[in-house]
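Presented below is the structure to which this report refers.
There are 2 protein chains.
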Amino acid sequence: MSLPSKENFSEWFHEIIQNAEIMDVRYPVKGLYVWFPFGFKLRQLVYSKLREIMDREHHEVYFPALIPETELGKESEHIRGFEDEVYWITHGGLSPLEVKLALRPTSETAMYPMFKVWIRTHSDLPLRVYQIVNTFRYETKHTRPLIRLREITSFKEAHTAHRNYEEAEEQVRKAIGYYKEFYDFLAIPYMVIRRPDWDKFPGAVYTIAFDTIMPDGRSLQIGTVHHLGENFARTFEIKYEALDGNHYFVHQTCYGISERCIASLISIHGDDLGLVLPFEVAPIQIVVIPILYKGKEERVLEFAKELIEKLKGFRVVFDTGEDRPGAKYYKWELKGVPLRFEIGPKEAERREVIVSFRDERKKFSIPIEEIDEKKIKLWGDEMRDRLRKKAVEAILAKIKFVKEISELSENVKNFVVIMHLCKSKNCGEEIENFGGKLLGWLEEIPDFIDHSAEGKCIVCGDKGFLAVSARSY
Amino acid sequence: MSLPSKENFSEWFHEIIQNAEIMDVRYPVKGLYVWFPFGFKLRQLVYSKLREIMDREHHEVYFPALIPETELGKESEHIRGFEDEVYWITHGGLSPLEVKLALRPTSETAMYPMFKVWIRTHSDLPLRVYQIVNTFRYETKHTRPLIRLREITSFKEAHTAHRNYEEAEEQVRKAIGYYKEFYDFLAIPYMVIRRPDWDKFPGAVYTIAFDTIMPDGRSLQIGTVHHLGENFARTFEIKYEALDGNHYFVHQTCYGISERCIASLISIHGDDLGLVLPFEVAPIQIVVIPILYKGKEERVLEFAKELIEKLKGFRVVFDTGEDRPGAKYYKWELKGVPLRFEIGPKEAERREVIVSFRDERKKFSIPIEEIDEKKIKLWGDEMRDRLRKKAVEAILAKIKFVKEISELSENVKNFVVIMHLCKSKNCGEEIENFGGKLLGWLEEIPDFIDHSAEGKCIVCGDKGFLAVSARSY
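This is the structure:
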């Protein structure tokens with residue numbers, strides 16, 4: 019079962035998800051998938067980093083998955099944004115329910131009625147909680163594992179409340195910082211983009227998104243941060259008593275990351291041979307393969323054990339199976355194991371180890387004495403730097419900077435287009451007429467983009483800012 | 019807000035869940051509750067032990083929460099057992115679904131269609147997976163946090179497949195062993211009881227349950243282990259190719275524990291002042307309270323910091339707040355903090371620490387030099403032994419051994435009744451006519467019960483075995 023070339027990204031993605039045992043796509047309902055043990059372990063490792071970051075200033079909680087229609091419908095823009103894709107529970111057993119229950123598409127309307135009772139005075143603020151939960155969307159578009167799902171199994175959603183607009187805005191900044199740290203850890207390049215006002219989260223004042231670019235040149239939203247202002251606070255009557263004795267509405271933010279983080283991890287780093295995983299999140303970090311020849315097994319195995327003794331604290335497989343070495347290489351490359359150590363009779367004799375990194379696939383030998391925890395961690399760090407560099411190159415090849423509107427139509431089909439654009443809805447819609455979606459304006463200019471922040475709007479000639487248009491997932 | 023006496027168990031339980039910040043009961047749907055940060059932390063600590071035990075020979079996975087009606091209905095006994103309490107999703111957005119989706123009440127019918135494709139030959143067996151997920155029941159009875167829920171937020175369900183009946187039975191034995199280890203760790207006494215054939219899990223060959231006894235004398239089922247035989251394998255066509263080249267149905271088991279483990283933990287160890295938590299699972303293990311007098315603060319705080327330095331690796335709160343010491347004691351006792359250290363000017367001078375254990379509440383002083391990691395762990399272990407001893411005493415006071423059927427009616431109202439009973443349905447029903455539910459027969463005789471395993475059935479006089487009848491949750 020070899021993979022299709024990554025050039026055929028859609029097929030490659032479908033096959034790698036199944037063959038590398040991330041998810042089983044054979045579950046008998048469209049848009050629902052099963053996490054294999056290997057995929058689940060990867061998920062755990064990635065999300066434990068996310069938890070570590072969140073735990074610094076958020077408390078983890080759990081709110082119910084079922085939201086009564088009466089609460090979900092309270093914030094009018096919010097419900098309008100979700101009504102086409104909410105799953106409704108209408109029956110319990112054989113009886114119709116008095117109040118229909120929505121399966122949470124996101125948890126604002128589950129949490130905020132409780133925020134109302136939790137928040138009394140300024141000393142209860144800031145309130146910062148998060149949860150990692152399953153959420154549900156009735157997707158009618160083409161579904162794909164990890165990317166477009168009917169059950170999002172791993173939605174990390176954080177919700178905060180503050181005394182005023184500025185403090186909520188400061189939280190938005192912090193959230194962006196947390197997400198940057200998370201994606202830098204995964205060596206995933208991203209653009210931080212402010213969504214157009216007409217495409218923000220339903221109920222938000224503004225939305226800032228993290229978008230990356232997939233190998234087929236389409237953009238993938240891998241995180242969002244919303245400033246909610248007082249919008250939900252007014253609907254759910256969330257007020258606090260200030261030092262001056264008056265009662266004010268809180269200002270809120272929310273921000274989320276789903277298993278799309280794993281979709282981007284797999285898609286951006288993977289190659290024609292399979293997964294390529296950063297060292298820290300690889301379910302198997304090191305595979306040790308003994309090359310056995312009749313009569314010399316003992317010496318090799320003994321030396322291998324000496325090596326394995328040095329690898330304590332890492333996630334190691336010692337593959338003594340009966341497959342040929344080539345079959346073993348194939349198998350562990352598919353699973354994205356970052357480090358491969360081989361030992362044959364010659365190595366055992368010389369007290370050397372053959373080392374191969376999953377991303378470079380070159381082999382070299384080093385004395386066993388030089389292998390220790392520090393060295394391995396260094397290799398892991400170096401590999402992350404290489405992965406990030408390679409990912410940036412791949413993304414740059416998918417980006418085109420466009421100076422004139424006339425260049426748009428030919429480029430928008432194959433590239434993520436960057437241009438200067440004013441913030442008017444008119445000019446935004448004009449851009450979308452060429453195909454592609456206006457993702458919005460760069461909130462920060464990433465290190466891999468070196469165009470000036472300001473310039474003339476390519477539509478109307480007024481003052482414009484760096485904007486991004488893309489075919490998006 | 020002081021608690022009602024634990025004598026009024028139902029009120030006490032309701033209040034402690036809310037006041038100790040385990041769950042917020044104010045969510046606007048019956049039977050759904052919110053995990054507070056403190057409760058969630060307790061949940062994490064308890065479940066990380068459960069994960070540690072499971073990970074020894076199971077792989078963690080995740081299957082979808084939505085099960086199509088066509089799969090859920092395949093095993094006829096199974097669906098009959100669940101049809102009254104399944105939540106049905108009938109609409110996606112504004113459109114009716116073609117096939118109704120059930121919110122998983124348990125995951126046999128989600129998993130086993132996949133087991134069919136996962137299992138090919140004997141070398142794929144045994145297969146052992148587990149997941150920790152939310153499951154749903156449309157409960158029409160009186161709901162209670164952690165005990166009877168519409169969303170069970172934390173259902174650990176394990177599912178295994180084996181070559182034959184005996185190997186599946188061996189897994190049943192192992193599962194019982196795992197659950198014993200888990201509840202021993204929590205210092206919760208339990209009875210391992212084989213359910214009557216007419217009260218087993220729908221679709222099982224037999225069911226073995228873990229039951230404990232709550233402070234009001236009612237039994238609580240806190241775990242179940244089912245031998246499924248070939249029942250589901252025949253329905254879902256799960257076969258493997260054996261060494262002899264023939265294809266056989268697999269034999270299966272499944273076993274589960276829900277957040278009722280936390281209900282039992284709170285109920286059995288708690289007292290009139292609040293939670294009493296075993297050291298290993300307490301979200302806060304140690305509170306250090308400085309007793310400050312004007313002019314002597316510095317010396318006390320300095321000494322306290324020296325103490326805290328020694329407590330690295332434990333979950334410690336250093337309470338320098340402005341409340342009076344009494345208010346602090348009250349607060350941390352409510353939260354079940356196992357160890358309290360106090361330091362006043364006298365202690366700072368003598369280089370001593372006042373120690374108090376949450377369960378005993380006696381105070382004693384010891385030199386700071388004697389406090390180290392080993393000592394603290396020893397105290398934790400001793401506390402667990404005391405908790406278990408006290409819990410056994412409490413449970414024994416709720417149990418009555420009955421020799422004659424005439425003694426039943428007076429005892430069944432106030433006690434868990436143990437008696438000798440044959441295995442006929444007739445005699446079982448006769449017993450239930452007196453009130454109370456026949457939980458079944460003791461599979462193993464716990465160390466706190468010293469009646470002989472066999473005796474005359476109190477109904478018919480035939481050979482009987484130790485059976486348990488109780489009012490149950």
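First to last, the sequence lines map onto chains C and D.
For what it's worth, the numbering used here labels the leading residue of the first sequence as 19, then goes sequentially.
For what it's worth, the numbering used here labels the leading residue of the second sequence as 19, then goes sequentially.
Cβ coordinates follow ideal geometry from the N, Cα and C atoms, glycine included.
Bear in mind that the values here come from a model prediction, so they are computed numbers and not experimental data.
Residue-chain proximity (residue i, chain D), Cβ-Cβ < 7 Å
{"i": "C:PHE81", "result": "yes"}
{"i": "C:HIS177", "result": "no"}
Whole-number beta carbon distance between residue j and residue i, since they are thought to touch under 8 Å
{"i": "D:TYR491", "j": "D:LEU238", "result": "5 Å"}
{"i": "D:VAL410", "j": "D:PHE466", "result": "5 Å"}
{"i": "C:GLU277", "j": "C:SER113", "result": "That belief does not hold up - the Cβ atoms of C:GLU277 and C:SER113 are roughly 35 Å apart, past 8 Å."}
{"i": "D:ALA120", "j": "D:PHE81", "result": "Between D:PHE81 and D:ALA120 the Cβ distance is about 13 Å, and since that is not below 8 Å, they are no contact."}
{"i": "D:LYS48", "j": "D:THR161", "result": "6 Å"}
{"i": "D:ILE307", "j": "D:GLU360", "result": "5 Å"}
{"i": "D:LEU84", "j": "C:GLU169", "result": "6 Å"}
CB contact below 7 Å: residue i versus chain C
{"i": "D:GLY99", "result": "no"}
{"i": "D:GLU116", "result": "no"}
Heavy atom of the ligand GTP within 6 Å of residue i beta-carbon
{"i": "C:ARG278", "result": "Only the bare structure without any ligand can be found here, which leaves the ligand GTP out of the picture."}
| Taking any Cβ of chain C, which residues in the region 19-53 of chain D have a Cβ under 8 Å from it, in chain order? | ASP42, ARG44, TYR45, PRO46, VAL47, LEU50, TYR51, VAL52, TRP53
| said: Using a Cβ-Cβ cutoff of 9 Å, what residues of the region 120-154 of chain D are near chain C? List them in chain order. | reply: LEU121, ALA128, MET129, PRO131, MET132, VAL135, TRP136, VAL147, GLN149, VAL151, ASN152, PHE154
| Hey, which unbroken runs of the beta strand (DSSP E) at 3 residues or more fall wholly within the region 54-122 of chain C? | 84-86, 105-110, 113-121
| Residues within the region 56-82 of chain C neighbouring chain D, beta-carbon criterion of under 7 Å | PHE58, HIS77, GLU78, VAL79, TYR80, PHE81, PRO82
| said: To be precise: take each residue of the region 102-115 of chain D, compare its Cβ to all Cβ atoms of chain C, and keep it if any distance is under 9 Å. Which residues remain? | reply: ASP102, GLU103, VAL104, TYR105, TRP106, ILE107, THR108, HIS109, GLY110, GLY111, LEU112, SER113, LEU115
| query | Would the region 203-215 of chain D and the region 224-239 of chain D be scored as touching if the rule is three or more Cβ pairs under 8 Å? | reply | yes
| Contact set between the region 156-173 of chain D and chain C, restricted to residues whose Cβ is under 9 Å from the partner | TYR156, GLU157, THR158, ARG168, GLU169, THR171, SER172
| message | Residues of the region 83-94 of chain C in Cβ contact with chain D at a cutoff of 9 Å, in chain order, please. | response | ALA83, LEU84, ILE85, PRO86, THR88, GLU89
| query | Given 8 Å as the limit, is there contact between the region 26-44 of chain C and the region 52-72 of chain C, that is, 3 or more CB pairs closer than that? | reply | yes
| message | Quick check for students: name the residue ranges of the alpha helix (DSSP H) that lie wholly in the region 420-457 of chain C, counting only runs of 4 or more. | response | 426-429, 443-450
| Does the region 453-468 of chain C touch the region 483-490 of chain C, meaning 3 or more C-beta pairs lie closer than 8 Å? | yes
| request: State whether the region 354-365 of chain C contacts the region 317-327 of chain C, with contact taken as three or more CB pairs (one from each stretch) at a distance under 8 Å. | output: yes
| said: Does the structure place the region 172-184 of chain C close enough to the region 270-278 of chain C that three or more beta carbon pairs sit under 8 Å? | reply: yes
| task | Specify whether the region 71-80 of chain D and the region 84-92 of chain C touch according to this definition: at least 3 beta carbon pairs, one from each stretch, less than 8 Å apart. | result | no
| Are the region 326-340 of chain C and the region 19-33 of chain C in contact at 8 Å, needing three or more beta carbon pairs? | no
| field | Contact the region 119-138 of chain C vs the region 240-260 of chain C: 3+ CB pairs below 8 Å | value | yes
| message | For the structure I just gave you, are there three or more beta carbon pairs, one from the region 147-165 of chain C and one from the region 187-201 of chain C, closer than 8 Å? | response | no
| field | Three or more C-beta pairs below 8 Å linking the region 420-435 of chain C and the region 348-360 of chain C | value | no
| message | With three or more beta-carbon pairs closer than 8 Å as the criterion, would you say the region 283-301 of chain D touches the region 309-317 of chain D? | response | no
| Can at least three beta-carbon pairs, one atom from the region 332-348 of chain C and one from the region 383-390 of chain C, be found at a separation below 8 Å? | no
| query | Between the region 444-451 of chain D and the region 398-406 of chain D, are three or more C-beta pairs nearer than 8 Å? | reply | no
| query | Can you find at least 3 beta carbon pairs, one from the region 296-305 of chain C and one from the region 243-253 of chain C, that sit closer than 8 Å? | reply | no
| field | 4 or more residues per run - each alpha helix (DSSP H) lying fully within the region 270-315 of chain C | value | 278-287
| query | Which full runs of the alpha helix (DSSP H) of 4+ residues lie inside the region 198-269 of chain C, going along the chain? | reply | 249-254
| query | Which ranges would you report for the alpha helix (DSSP H) in the region 357-399 of chain D if only whole runs of at least 4 residues count? | reply | 363-368
| task | Mind listing, in chain order, the continuous beta strand (DSSP E) runs of no fewer than 3 residues lying wholly within the region 115-172 of chain D? | result | 145-154
| said: I'd like to know if the region 430-440 of chain C and the region 470-489 of chain C are in contact, where contact means that at least 3 CB-CB pairs between them fall below 8 Å. | reply: yes
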